[in-house]
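For reference, the structure is listed below as structure tokens.
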Amino acid sequence: MPRSDRAVGFFDQALETLSLEEREAYTTRNLQEMVAYAYAHAPAIKARFDKARLSPQDIRTVKDLEKVPITKKDQYAELQKENYPFGGFVTVPPNQLRRIYVSPGPIYDPQGPEPRYWRCEKVLYAGGFRKGDIVQNTFAYHLTPAGLILDEALLALGCTVIPAGGGNTELQVTILRDLKVTGYAGTPSFLRTLLKKAGELGYQPQKDLALEVAFVAAEMLPESLRKELEEEYHLHVRQGYLTADVGTIGYEYQEKSGLHIPEELLVELVDPDTGVQVGPGEVGEVVITNFNKTYPLIRFGTGDLSYFIGEPCPCGRTSDRLAKLVGRTSEATKVRGMFVRPGQVDEILGKHPEIVRGQVIVTRAQHQDELIFRAELREGISHPEILKDLLGQTIRQVMKLRATVEFVPPQVLPEGGKKILDARKWD
Ligand SMILES: [Zn+2]
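In my numbering, the protein residues as written are 21 to 447.
Laid out in structure tokens, this is it:
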């Protein structure tokens, strides 16, 4: 019998259901305190304020934040290089952190000493996870924080965790069955892969598996895929919006309409060129100011585009809600949960002088991302097949992803054209 309590309740009811006046007061108080703290303890934030001739007292309200220049996620690799390891944005010495993570770039991300640093418990509770669940966590545990973010929150909720990480599809199906796993955490496409594999191995997922609840993140969840998971496999599927720098930014509850924003940060949606906050219902870049004293982010530009849902939510949570993500401000995009950036295409080309130009194309088939690297060869290159293998290895090393390499004739890739072409459809 599936548990009936997955769709009810709050993790922290008092905070999640603050009245709008209380919520505004809570947010404003945290914002003022955070700006003052960050200015005093994070040299890079002080420098940015000083350069803009701002003092912490100038920021009293969310609207006042418009005065502060946005720091874009894509800039962090460079800012960190100027001042290792964190570019002056972290307020404690590296040896006082619990963990340091590495994203492609490389970009280093801290995990501070605070308990519940990633604030993911509330998200998983809203997603239907309960004490007593046995959860197969297929997010990666090495370098990136995803695996441990989920792991710590699941333990805090009283779940049992299988730290599976990605890959090993057949073994993962065996584990699902042998251990009567009730919960899944990972990307939606990998969940589908596991269920299909279970079918191929002769199992009837509904009879042979105990899976009931799934938390998915790190890639888009097309509604067609959610429907398939719900109707064919009777799973309770909720998604979250998490990043390696911020942690949780948005999460779904029972009603599946939009992403609630947790109370520990504030989200502005802004015009990516001017930094001015956009009006209700308008699409803008998701810009984060958090209330985290180890790694204060004051106007951190995620590069993701979304819009607010105006109406109050029937679930009783009073936070703002983001609609789904509708795109990116730059060419950087997530492929199989990993960010791919234009700079990585340049890095790959720098290692292969035999190639004149290159472009990455992202497509999607059967709910799986596919990466194609198109390369234009210099004239007179012998043994292009060997080069194809070598190039594939370089791509895997730089992007941490497998790609199909295609050589294209001259003039197919225009000079100065896009480095990354995202041709995916999310229906
Ligand atoms: Zn709600």
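The beta-carbon is built from N, C-alpha and C at its ideal position, and this holds for glycine as well.
Original post:
Apart from the five residues just before and just after residue 443, which ones in its own chain have a Cβ nearer than 7 Å to its Cβ?
Top reply: 381, 382, 383
Subject >> Option nearest residue 337 by Cα separation, candidates 64, 414, 42, 354 >> reply: 42
**OP:** Kindly indicate the opening and closing residues of the alpha helix (DSSP H) around residue 50.
**Re:** 40 to 61
Subject >> Which residues DSSP lists as bridging residue 378, in chain order >> reply: 395
Subject >> Three-state secondary structure (DSSP) of residue 404 >> reply: helix
**OP:** Collect the residues with a C-beta less than 6 Å away from any heavy atom of ligand 1 and give them in sequence order along the chain.
**Re:** 273, 275, 280, 333, 335, 337
Subject >> Closest by C-alpha distance to residue 116, when choosing among 103, 248, 315, 427 >> reply: 315
**OP:** Identify whether residue 447 lies in helix, strand or coil by the three-state DSSP scheme.
**Re:** coil
Subject >> Burial state of residue 386 (16 or more Cβ within 10 Å) >> reply: exposed
Original post:
Buried or exposed: where does residue 269 fall if 16 or more other Cβ atoms within 10 Å of its Cβ makes it buried?
Top reply: buried
Subject >> Cutoff 8 Å; reference residue 239; Cβ partners in own chain excluding five residues on either side >> reply: 207, 208, 209, 354, 356, 357, 389
Original post:
Are the stretch 143 to 152 and the stretch 253 to 263 touching by the rule of at least three beta carbon pairs closer than 8 Å?
Top reply: yes
Subject >> Boundaries of the beta strand (DSSP E) in which residue 260 is found, first to last residue >> reply: 256 to 263
Original post:
Taking Cβ positions, are residue 222 and residue 179 nearer each other than 9 Å?
Top reply: no
**OP:** Measure from the alpha carbon of residue 417 to the alpha carbon of each residue in 368, 205, 185, 434, then state which is nearest.
**Re:** 368
Original post:
Would you call residue 103 buried or exposed, if buried means 16 or more other Cβ atoms sit within 10 Å of its Cβ?
Top reply: exposed
Original post:
In or out: residue 188 buried (at least 16 other Cβ within 10 Å) or exposed?
Top reply: exposed
Original post:
What span of residues does the alpha helix (DSSP H) with residue 171 cover, start to end?
Top reply: 166 to 177
Subject >> residue 341 classed as buried or exposed, judged by whether at least 16 other C-beta atoms fall within 10 angstroms >> reply: buried
Subject >> For residue 405 and residue 52, the rounded distance between their alpha carbons >> reply: 59 Å
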